[in-house]
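*Asks:* Numbering (the numbering used here), first residue to last: 1421 to 1581. Positions of the beta carbon are idealized from the N, C-alpha and C atoms, including for glycine. Nothing here was measured: the structure is a model prediction, and the numbers come from that model. Starting off with a structure, shown below.
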Amino acid sequence: MTSFPPVAPGAEASSSAPVSGTNIQPTAVLHHLVLAMGTHAQASTQGGAAASPAAVTSAAPGTAAAAGFQTHGPWVAGALYLVVPAGPLVAVAEPPVAEGDEPLWYCVTRGKHVGLTMNNALAMAAVVGVSRSAMKSYKTQALALAAFNEMLTYNLVQVLS
């Protein structure tokens, strides 16, 4: 893991200076992290900041909803929610994939966000650094959906900080 050098008090960190000992630019690292989380945020050429993680957007099924993490229904598979869903999740149409290349479905029942997603980076972001978080992968949407809805029935789905 690359660590960034500390910045002296009162000094500004340079976003264009390479990390010491490498030719990696911190802005390039941030750009790759943002892309890895499924966002397509663009920083302004005037030095603007990239979109916050709460504004994660994607058009692909199984990733965060187009408006970011949701706080209300409809409660569907393929979205992560900032609140515990008020009802069971329902299935969504899956993208066509070649046989044998089916992506995993990630079921997050305890974390910063809860729900089902096919995006590993979003699922990991929901549980990393959260005590008592819970996530499991399933080979099919149906299995993940059944597991999530069963946990929801027993009031075991929790949004944690």
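Under 8 Å by Cβ, that's how I've got Val1504 and Val1534 pegged, so tell me the actual separation to the nearest angstrom.
*Replies:* Taking the first residue of the sequence shown as 1, we reach residue 1504 at position 84. Taking the first residue of the sequence shown as 1, we reach residue 1534 at position 114. That belief holds up - the Cβ atoms of Val1504 and Val1534 are roughly 6 Å apart, short of 8 Å.
*Asks:* Tell me whether Val1547 sits in a helix, a strand or coil according to DSSP, three-state version.
*Replies:* In the sequence shown, residue 1547 corresponds to position 127, counting from 1. Here Val1547 sits in helix by DSSP.
*Asks:* Based on the DSSP secondary-structure assignment, which residues constitute the bridge partners of Thr1573?
*Replies:* Counting from one through the sequence shown, the residue named residue 1573 turns up at place 153. BP columns for Thr1573 are empty, so no partner.
*Asks:* Of the choices Ala1543, Val1550 and Leu1536, whose alpha-carbon is the least far from that of Ala1562?
*Replies:* Stepping through the sequence shown from its first residue, residue 1562 is reached at position 142. For the residues Ala1543, Val1550 and Leu1536, the minimum Cα distance to Ala1562 belongs to Leu1536.
*Asks:* Quick one: what does DSSP say Leu1524 is sitting in, helix, strand or coil?
*Replies:* Position 104 of the sequence shown holds residue 1524. Three-state DSSP puts Leu1524 in coil, outside helix and strand.
*Asks:* Can you give the Cα-Cα distance for Ala1499 and Cys1527, rounded to whole angstroms?
*Replies:* Mapped onto the sequence shown, residue 1499 falls at position 79. Mapped onto the sequence shown, residue 1527 falls at position 107. About 10 Å.
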